[in-house]
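Protein chains in written order, with our numbering: chain F, -13 to 185; chain A, -13 to 185.
Each residue gets a CB set at the ideal place from its N, CA and C atoms; glycine is no exception.
The structure under discussion appears below in the form of structure tokens.
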DNA sequence: ATAATTTAATAGGGATCGCTATTTTAATGG
DNA sequence: CCATTAAAATAGCGATCCCTATTAAATTAT
């Protein structure tokens, strides 16, 4: 039997590329070089394997991202690096395009509702991490008091999800970073309102 | 046999909620109240039915959106209304959450690559519509000359995709609109750079 | 070496996949 | 009323779905 981490690495890659519903247990056993009973004795079920593959992949792919936000960097700088890091993760040359979590299992058969809930919770958790950083920024006077940090977190969350989707459609790293640069101009206080020219 | 539009309406709703891979032909025939041979004689195949259901649904759900952008409204105002309209579409009470196109078939089995290409092309087309409006805004001096309208279109495209994803996860209409309001602050020239407080 | 235990492979169960040949029913025309 | 065409239902094709009971091989222990 193969090493557990090796198996999870292979499984994660397949799930990442094809999604949960697009990956069959036959795909998985074939790629992992094991027989079906081995998969079930080692990982429990297809859904359990997906959970473990997600945990494994998150720990490896985005382990350092939490550190960026937790660091002593100014909030704007930390956010910039965080988003750039995600853009790099979305466009790794020898990995599937996009993020394994950001745009996973959005539409799904009823029977896979529990898997959709899992990915939704992971997305919600990462937005809460962003919000917590923004709350800290408010308390450290890097953001105006009264800033709607929840919506701000979901705004940058939307950017992250949009980048993942566009990566799946073939977007390159440079494009994502130009897109991030625009998103960063929405940072409160970074710019100030002047007379618009739109009405 | 049921009316063609009625059938497409039912099929579109199923595909919208469950996605292409999450919807089986048995689901479709059962919901439409027809037998499998009727589905195939009337629509050709599952993939053909999906194409037709997409066309049908786009024409009905987002027909008026193109008009908003094509109107004489100032670009910023048109964009605002366009995004608000999409937020409403993402959160219709008696319809599946999110957009049927924005976040569809991102991850997929190899055998469904042609379906993924179809949805990717639809997404690209809608970004080109946005870009065209922004180009017009440049020529009408509503945006600074030299504005990167392509990236700006993909930025708002990312917002649209993020809103769809978050709708699938249960986001409400009001949240999406607060999110849009932040995204609109990235409109070039709407605000001007001042000394940042981030480094 | 023989027995006990673990590990892996075969084979297949019950259900569903997308799709279709064939039969039955219904509607139309002479 | 019967014949002909059109529509719909039944039944089932081969393949694949997720999963497991059972058998075979390899390892360890006595």
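Open item on the list: Please report the straight-line C-alpha distance between residue 84 (chain A) and residue 147 (chain A), rounded to a whole angstrom.
Closed with: Translated into positions along the second chain, residue 84 (chain A) becomes position 98. Translated into positions along the second chain, residue 147 (chain A) becomes position 161. Cα to Cα, residue 84 (chain A) sits roughly 9 angstroms from residue 147 (chain A).
- [ ] Measure how close the beta-carbons of residue 11 (chain A) and residue 25 (chain A) come, nearest whole angstrom, since I'm counting them as under 8 angstroms.
- [x] The residue given as residue 11 (chain A) occupies position 25 in the second chain. The residue given as residue 25 (chain A) occupies position 39 in the second chain. Right, the Cβ-Cβ distance comes to about 7 angstroms (below 8 angstroms), so this counts as a contact.
Task: Helix, strand or coil at residue 60 (chain F) [DSSP, three-state] - done: Position 74 of the first chain holds residue 60 (chain F). In the structure shown, residue 60 (chain F) sits in coil (DSSP, three-state: anything other than H, G, I, E or B).
TODO: Identify the contact partners of residue 186 (chain A) in chain F, using a Cβ-Cβ distance below 7 angstroms as the criterion.
DONE: For chain A, the structure presents residues -13 to 185; residue 186 (chain A) sits outside this window and is missing.
TODO: Please check the pair residue 113 (chain F) and residue 73 (chain F), which I expect to be a contact at CB under 8 angstroms, by giving their CB distance rounded to whole angstroms.
DONE: Along the first chain, read from residue 1 onward, the residue named residue 113 (chain F) stands at position 127. Along the first chain, read from residue 1 onward, the residue named residue 73 (chain F) stands at position 87. With 8 angstroms as the limit, residue 113 (chain F) and residue 73 (chain F) do not qualify as a contact, their Cβ atoms being about 18 angstroms apart.
Open item on the list: Can you check which of these residues, F:135, F:121, F:159, F:169, is closest to residue 144 (chain A) by C-alpha distance?
Closed with: On the second chain, position 158 is the one that residue 144 (chain A) refers to. The option with the nearest alpha carbon to residue 144 (chain A) is F:169.
Open item on the list: Give me the residue from A:167, A:8, A:44 with the minimum Cα distance to residue 111 (chain A).
Closed with: Sequence index remark: in the second chain, residue 111 (chain A) carries index 125 (1-based). Out of A:167, A:8, A:44, A:44 has the C-alpha closest to the C-alpha of residue 111 (chain A).
Task: Whether residue 95 (chain F) touches residue 8 (chain A) by CB criterion (7 angstroms) - done: Numbered from 1 along the first chain, position 109 holds the residue referred to as residue 95 (chain F). Numbered from 1 along the second chain, position 22 holds the residue referred to as residue 8 (chain A). Yes, these two residues count as a Cβ contact at 7 angstroms.
Task: residue 119 (chain F), buried or exposed, once every other Cβ within 10 Å from all chains shown has been counted against 16 - done: Position 133 of the first chain, counting from 1, holds the residue named residue 119 (chain F). Residue 119 (chain F) should be labelled buried.
Task: Closest by C-alpha distance to residue 86 (chain A), when choosing among A:153, A:31, A:29, A:69 - done: On the second chain, residue 86 (chain A) is found 100 positions in, with the first residue counted as 1. It is A:153.
- [ ] Within its chain, find whatever has a CB closer than 7 angstroms to the CB of residue 136 (chain F); leave out the 5 residues flanking it on each side and keep chain order.
- [x] As a position in the first chain, residue 136 (chain F) is number 150, starting the count at 1. Result list for residue 136 (chain F): 117, in chain order.
Open item on the list: By alpha-carbon positions, which one of A:3, A:61, A:172 ends up nearest to residue 92 (chain F)?
Closed with: By 1-based counting over the first chain, the position of residue 92 (chain F) is 106. Cα-wise, what sits closest to residue 92 (chain F) is A:3.
Task: Interface residues of chain F facing residue 149 (chain A) [CB-CB closer than 7 angstroms] - done: Residue mapping note: residue 149 (chain A) aligns to position 163 of the second chain, counting from 1. Here the neighbours are 144.
- [ ] Return helix, strand or coil for residue 79 (chain F), following the three-state DSSP convention.
- [x] Taking the first chain and counting its residues from 1, the one referred to as residue 79 (chain F) is at position 93. Residue state, collapsed to three classes: coil.
Task: Within-7 angstroms CB hit, residue 95 (chain F) to chain A - done: Counted from its first residue, the first chain places residue 95 (chain F) at position 109. Yes, contact with chain A.
TODO: Kindly confirm or deny that the stretch 20 to 39 of chain F and the stretch 21 to 40 of chain A touch, where touching means at least three C-beta pairs closer than 8 angstroms.
DONE: no
- [ ] Step through the CB atoms of chain A and report whether any lies within less than 7 angstroms of the CB of residue 7 (chain F).
- [x] On the first chain, residue 7 (chain F) is found 21 positions in, with the first residue counted as 1. Chain A contact via Cβ: present.
Task: Residue interval of the alpha helix (DSSP H) (run including residue 102 (chain F)) - done: Locating residue 102 (chain F) in the first chain gives position 116, where the first residue counts as 1. First-last of the alpha helix (DSSP H) with residue 102 (chain F): 99 to 125.
Open item on the list: Determine, for residue 158 (chain F), whether the minimum Cβ-Cβ distance to residues of chain A falls below 7 angstroms.
Closed with: Locating residue 158 (chain F) in the first chain gives position 172, counting from the first residue. It does not; no Cβ of chain A falls within 7 angstroms.
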